[in-house]
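Novice: The structure's right below; bear with me while I get my questions together.
There are 2 protein chains.
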Amino acid sequence: MIVNTPTMLVRTLCSLIAMAATTVVAADFAALPKTATLETDSPQIIALGKKLFFDPRLSATGTVSCNSCHNLMEGGDDGRATSMGVDGLTGGRNSPTVWNAVFQSSQFWDGRAKDLAEQAKGPFVADVEMGMGVHDQVVGRIQQIPDYVREFDNVFGQGNAVTIDNAVTAIAAFERTLITPNAPLDHYLAGDKNALTDAQVRGMDLFQSTGCTECHFGPALNGWDPGDDEAVFVEFPRNLDSSFVRKYDLDSDRGRAEATQQESDAHQFKTPVLRNITLTAPYMHNGNVASLAEACRVMASTQLDTDLSEDEISDLVAFMESLVGEFPPITLPRLPSRSGTSVVVEFK
Amino acid sequence: MIVNTPTMLVRTLCSLIAMAATTVVAADFAALPKTATLETDSPQIIALGKKLFFDPRLSATGTVSCNSCHNLMEGGDDGRATSMGVDGLTGGRNSPTVWNAVFQSSQFWDGRAKDLAEQAKGPFVADVEMGMGVHDQVVGRIQQIPDYVREFDNVFGQGNAVTIDNAVTAIAAFERTLITPNAPLDHYLAGDKNALTDAQVRGMDLFQSTGCTECHFGPALNGWDPGDDEAVFVEFPRNLDSSFVRKYDLDSDRGRAEATQQESDAHQFKTPVLRNITLTAPYMHNGNVASLAEACRVMASTQLDTDLSEDEISDLVAFMESLVGEFPPITLPRLPSRSGTSVVVEFK
């Protein structure tokens, strides 16, 4: 589960070979899949999941939806260091993007959810996110909205279909449609050598030769290959002597160990997706690093014990510009209403 | 500016005539216009205004957009008694719907803004709404996003086009598209006598005969007729002996007087739009009335000194169900980004 699995060693060898040959190794860079939809993801379940994703009434205050912290109008995050949930409360970690999250081999920074559906359960009942006391309150809100009840029954089969498991199953089905293919990198990998600028090609080579691809490989540059079903974690920060560790408070969050209570999981984190990374500042699990250029300096120092020149940083950032893909058009859902009363307000 | 203007008297006479004839008077009920777009509302300015309307980065915390309290996915409001702005702060009044707000002869509950553009300036700098200190901070955020700057320049002409006046002009242009025509009432008025149920027709007649149309007349049932450009206000509550006044704290807000400091404006309020009123619970300027049925009881008592039977209340609510129109499909905007840094987070 940690770095330096046999697969990782093979990849490192591949990187070394690639460095020698200065050519792109397919295993490090790959086109983003254009679909991740499951056979069971009907248009109806996706449409229901979309409504639930955008519905702020599923939070205690009626003000926070999935989209509040994972804004699909921009980078699939919220542009904040740490997210703001109900009543202005904030947590300790940066909101990861929901775009291409289907390509994560586990969810949350500490990988404590195995998939999108399990992830979607968490924020509903997190005090500082959607703030519902228990999942039954979420179910209760939905049950008060007749058109939702009908839609759940239609999608999942008649009778008592409003359950938290069905709700997150629908949300996950919608999230599997949130893919951004056809980035300049994808066009380049498909053979269009004009798709990247010279700086981007230099950055791409540097990304590989410096060792970034040791963890950030594959279609989403997050250490995942199609078909992988095992969650992979890496140690962060590795180099505790880096001055950035104290500057950005990079080691007080014990990562996966906070979820598992296992000392062996201390400072293990999921490798984040780098697709659209230019759109999701600020950076790191705690959002303490404001710019992507600084994030590159931090990662080079803490993970690879390397100092990069400003020209190299500039090329790396240029390469990451080539990871912004095409965002599918999304029609705003119409949320069903309870006529004449709000489910957010208790009856007087 | 207050009730019992000559126009109001004419309307009351019309209502009395209508009561005698038990037929619909065109002046009381009218089809909603299908467009309110001005000649200057180009597709480009509307598209820009839509982005600004949905952009939470224009609030201090990066979490509150116009759409947060005027949610276009539902009733154009937020389903709360009073809205929640930045840092979980709340104000004292209920968020009015933005759907068909173009048909208000003035904006805000106290009418202190003459039009949509002037209204849109308010929440940016309200402490408990979007929380920006001054409008220049809003402009500053926009100016940091290169694609916004280009879009402002294209829409308004080259050079320094990012101003608060241009921003709210664009937002107002978008809001003029937020119209919900073709409600059952509109079909009924067009001659389709099957468009309303028997209960809805009874409710419609009762709405008129009880005197609701004294204030709630015209296409949006808010005392506005096409071409009107004078703001009209009504006294609320009129009947201070109503038990509802204390129960729902209906007289501590002095309405228009809080904006004008004129004693003659005390307890004067804008008449709200009734289109889609079933979708915007809770009710009244302070949101203290949870259900539409109770809102009908309150208004009958405080404004018309009338007690209605539960059957009558039921018919009135049924009539209001006929005011839900067709919502135009809205594509989620893509918000322009500043690459590699967030405009919400100060640089470190």
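Sequence order for the protein chains is E and Y. Anchor point for the first sequence: position 119 equals 116 in my numbering, and the numbering is continuous, going up by one each time. Anchor point for the second sequence: position 36 equals 33 in my numbering, and the numbering is continuous, going up by one each time. C-beta atoms are modelled at their ideal positions from N, C-alpha and C, and glycine is treated no differently.
Can you name, in chain order, every residue of its own chain whose Cβ lies under 6 Å from the Cβ of A196(Y), other than the five neighbours on each side?
Specialist: Walking along the second sequence from the start, residue 196(Y) turns up at place 199. If we look at A196(Y) and ignore the five residues flanking it on each side, its Cβ neighbours are D312 and A315.
Novice: Anything in the region 258 to 287 of chain Y with a Cβ closer than 7 Å to a Cβ of chain E? List those residues in chain order, please.
Specialist: The region 258 to 287 of chain Y vs chain E, Cβ under 7 Å: T275, L276, A278, P279 and A287.
Novice: Are the Cβ atoms of I310(E) and A290(E) separated by less than 8 Å?
Specialist: As a position in the first sequence, residue 310(E) is number 313, starting the count at 1. As a position in the first sequence, residue 290(E) is number 293, starting the count at 1. Result yes, Cβ atoms of I310(E) and A290(E) sit closer than 8 Å.
Novice: Tell me the rounded alpha-carbon separation between A349(E) and S206(E).
Specialist: Within the shown structure, residues of chain E are numbered from -2 to 345, placing residue 349(E) beyond reach of any answer.
Novice: Any beta carbon from chain E within less than 8 Å of G88(Y)'s own beta carbon?
Specialist: The sequence position of residue 88(Y) within the second sequence is 91, counting from 1. Not one chain E Cβ lies under 8 Å of G88(Y).
Novice: Go through its chain and collect everything with a Cβ distance to V21(Y)'s Cβ below 6 Å, but skip five positions before and after it.
Specialist: Indexing the second sequence from 1 puts residue 21(Y) at position 24. Model confidence at V21(Y) stands at a pLDDT of 43, short of 50, so the residue's coordinates are unreliable and nothing is read from them.
Novice: Just to make sure I have the definition right: I need the residues of chain Y whose C-beta is within less than 8 Å of the C-beta of E318(E). Which are they?
Specialist: Along the first sequence, one-based indexing puts residue 318(E) at 321. Those are S336, listed as they occur along chain Y.
Novice: Determine, using beta-carbon pairs with one atom in the region 183 to 202 of chain E and one in the region 128 to 140 of chain E, whether at least three such pairs fall under 8 Å.
Specialist: no
Novice: Can you tell me whether A164(E) is helix, strand or coil according to DSSP?
Specialist: Taking the first residue of the first sequence as 1, we reach residue 164(E) at position 167. If DSSP states are grouped into helix, strand and coil, A164(E) belongs with the helices.
Novice: I need the straight-line Cα distance from M70(E) to S240(E), nearest angstrom please.
Specialist: Counting from 1 along the first sequence, the entry for residue 70(E) is found at position 73. Counting from 1 along the first sequence, the entry for residue 240(E) is found at position 243. Just so you know, the alpha carbons of M70(E) and S240(E) end up roughly 36 Å apart.
Novice: Would the beta-carbon of A167(E) fall within 8 Å of that of V152(E)?
Specialist: On the first sequence, residue 167(E) is found 170 positions in, with the first residue counted as 1. On the first sequence, residue 152(E) is found 155 positions in, with the first residue counted as 1. For A167(E) and V152(E), yes; Cβs fall inside 8 Å.
Novice: Using CA coordinates, which residue listed in P269(Y), N285(Y), S339(Y) and S319(Y) is at the minimum distance from S103(Y)?
Specialist: For this step, residue 103(Y) is matched to residue 106 along the second sequence. When only C-alpha atoms are compared, the closest one is P269(Y).
Novice: Quick check on V95(E) - is its C-beta less than 8 Å from some C-beta in chain Y?
Specialist: The count along the first sequence starts at 1 and reaches residue 95(E) at position 98. It does not: the Cβ of V95(E) has no partner Cβ on chain Y nearer than 8 Å.
Novice: Given that V314(Y) touches chain E, what residues does it touch there, using C-beta distances under 7 Å?
Specialist: If you number the second sequence from 1, residue 314(Y) lands on position 317. Simply G337.
Novice: List the residues of chain E whose Cβ lies closer than 8 Å to the Cβ of A78(Y), in chain order.
Specialist: As a first step, residue 78(Y) must be located in the second sequence, where it is residue number 81. What A78(Y) touches in chain E: V342.
Novice: From this set, A287(E), N236(E), K118(E) and S288(E), which residue's C-alpha is nearest V135(E)'s C-alpha?
Specialist: As a first step, residue 135(E) must be located in the first sequence, where it is residue number 138. Out of A287(E), N236(E), K118(E) and S288(E), K118(E) has the C-alpha closest to the C-alpha of V135(E).
Novice: So, is the C-beta of S65(E) closer than 8 Å to a C-beta in chain Y?
Specialist: As a position in the first sequence, residue 65(E) is number 68, starting the count at 1. With 8 Å as the cut-off, S65(E) counts as an interface residue toward chain Y.
Novice: Report the neighbours of F51(E) on chain Y: residues whose CB is nearer than 7 Å to its CB, in chain order.
Specialist: Here the question's residue 51(E) lines up with position 54 in the first sequence. Near F51(E) (Cβ distances below 7 Å), the residues of chain Y are M70.
Novice: Under the rule that 16 or more other beta-carbon atoms within 10 Å means buried, what is Q265(E), buried or exposed?
Specialist: Locating residue 265(E) in the first sequence gives position 268, counting from the first residue. Buried.
Novice: Please determine, among L182(Y), E126(Y) and M201(Y), the residue with the shortest C-alpha to C-alpha distance to N91(Y).
Specialist: Residue 91(Y) sits at position 94 when you count from the first residue of the second sequence. Closest option to N91(Y), Cα to Cα, is E126(Y).
Novice: Could you spell out the range, first to last residue, of the beta strand (DSSP E) harbouring E232(E)?
Specialist: Here residue 232(E) refers to the residue found at position 235 when the first sequence is read from its first residue. Its beta strand (DSSP E) spans residues F230 to E232.
Novice: Give the residues of chain Y in contact with G128(E), contact being defined as C-beta atoms less than 8 Å apart.
Specialist: Looking up residue 128(E) in the first sequence gives position 131. What G128(E) touches in chain Y: nothing, since even the nearest Cβ is about 10 Å away.
Novice: Going by beta-carbon coordinates alone, are P326(E) and T174(Y) separated by less than 8 Å?
Specialist: As a first step, residue 326(E) must be located in the first sequence, where it is residue number 329. As a first step, residue 174(Y) must be located in the second sequence, where it is residue number 177. No.
Novice: Under 8 Å between beta-carbons, which chain E residues line up against P326(Y)? List them in chain order, please.
Specialist: Within the second sequence, the letter at position 329 stands for residue 326(Y). T328 and L329, listed in chain order.
Novice: Does V21(Y) come within less than 8 Å of chain E when only Cβ atoms are used?
Specialist: The count along the second sequence starts at 1 and reaches residue 21(Y) at position 24. Residue placement at V21(Y) is poorly supported in this model, since its pLDDT is 43, which falls under 50; the coordinates still yield a value, given next. It does not: the Cβ of V21(Y) has no partner Cβ on chain E nearer than 8 Å.
Novice: Starting from Q265(Y), trace the beta strand (DSSP E) both ways and give me its first and last residue.
Specialist: Along the second sequence, one-based indexing puts residue 265(Y) at 268. Here the beta strand (DSSP E) through Q265(Y) covers Q265 to K267.
Novice: According to DSSP, is V198(E) part of a helix, a strand, or is it coil?
Specialist: The sequence position of residue 198(E) within the first sequence is 201, counting from 1. Of the three classes helix, strand and coil, the one that applies to V198(E) here is helix, per DSSP.
Novice: V83(Y) and S56(Y) look like a contact to me (Cβ under 8 Å); what is the Cβ gap, rounded to whole Å?
Specialist: Locating residue 83(Y) in the second sequence gives position 86, where the first residue counts as 1. Locating residue 56(Y) in the second sequence gives position 59, where the first residue counts as 1. Rounded, the Cβ-Cβ distance is 6 Å, consistent with contact.
Novice: Give a yes or no on whether the C-beta atoms belonging to G72(E) and L320(E) are separated by under 8 Å.
Specialist: Within the first sequence, the letter at position 75 stands for residue 72(E). Within the first sequence, the letter at position 323 stands for residue 320(E). No.
Novice: Taking 8 Å as the cut-off, decide whether the C-beta atoms of N97(E) and I176(E) are in contact.
Specialist: By 1-based counting over the first sequence, the position of residue 97(E) is 100. By 1-based counting over the first sequence, the position of residue 176(E) is 179. Yes, these two residues count as a Cβ contact at 8 Å.
Novice: Which chain E residues sit within Cβ distance under 8 Å of T60(Y)?
Specialist: Within the second sequence, residue 60(Y) is the residue found at index 63, counting from 1. Those are S65, D75, R77 and M81, listed as they occur along chain E.
Novice: Output yes or no for whether 8 Å exceeds the beta carbon distance between G46(Y) and A180(Y).
Specialist: Within the second sequence, numbered from 1, the residue matching residue 46(Y) stands at position 49. Within the second sequence, numbered from 1, the residue matching residue 180(Y) stands at position 183. Result no, Cβ atoms of G46(Y) and A180(Y) do not sit closer than 8 Å.
Novice: Could you give the DSSP three-state label for S339(E): helix, strand or coil?
Specialist: Locating residue 339(E) in the first sequence gives position 342, counting from the first residue. Correct three-state label for S339(E): coil.
Novice: Look at the Cβ atom of C209(Y), then the Cβ atom of G220(Y), and state whether they are nearer than 8 Å.
Specialist: Counting from 1 along the second sequence, the entry for residue 209(Y) is found at position 212. Counting from 1 along the second sequence, the entry for residue 220(Y) is found at position 223. No.
Novice: Would you check if the distance between the CB atom of G284(Y) and the CB atom of T79(Y) is smaller than 8 Å?
Specialist: Mapped onto the second sequence, residue 284(Y) falls at position 287. Mapped onto the second sequence, residue 79(Y) falls at position 82. Contact flag set, yes.
Novice: Is there a Cβ of chain Y sitting closer than 8 Å to that of L182(E), yes or no?
Specialist: The residue given as residue 182(E) occupies position 185 in the first sequence. No, no contact with chain Y.
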